[in-house]
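Colleague:
In this note's numbering, the protein residues as written are 5 to 79.
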């Protein structure tokens, strides 16, 4: 199970992939609230498809281009 995060720009994206299919995905304009919004949105994304954090095998994070702060939020 792969959790993918993109916080490089103001448009934040989260996706959950099981190796064959995208199980869930969401995106929103985060602006200055990316840090506060990311963890709750990840938890909601996992809950929507009944996946626990222990089931994650990998986390992928977009590394740019984008703002330095935005990249650090994802990491």
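Each residue gets a CB set at the ideal place from its N, CA and C atoms; glycine is no exception. No experiment lies behind these values; they were computed from the predicted model shown.
1. Just to confirm my understanding: we take residue 28, look at its own chain, exclude 5 residues before and 5 after, and list those with CB closer than 6 Å. What are they?
2. Can you give me the Cβ contacts of residue 55 inside the same chain, cut-off strictly under 7 Å, excluding the 5 residues immediately before and after it?
3. Tell me the residue span of the alpha helix (DSSP H) that contains residue 66.
4. Below 6 Å CB to CB, which residues in the same chain sit around residue 62 once its five sequence neighbours on both sides are set aside?
5. Measure the alpha-carbon distance for residue 24 versus residue 40 and round it to whole angstroms.
Modeller: According to the structure shown:
1. Your numbering for residue 28 matches position 24 in the chain shown. Contacts found: 20, 49, 52 and 53.
2. In the chain shown, residue 55 corresponds to position 51, counting from 1. Counting only Cβ-Cβ distances below 7 Å, and skipping sequence neighbours, we find 5 and 20.
3. As a first step, residue 66 must be located in the chain shown, where it is residue number 62. Taken as a continuous stretch (DSSP letters only), residue 66 belongs to no alpha helix (DSSP H), as it is neither H nor E.
4. Numbered from its first residue, the chain shown carries residue 62 at position 58. Cβ within range, chain order: 6.
5. As a first step, residue 24 is located in the chain shown; it is residue number 20 there, counting from the start. As a first step, residue 40 is located in the chain shown; it is residue number 36 there, counting from the start. Each residue's Cα considered, the two are about 30 Å apart.
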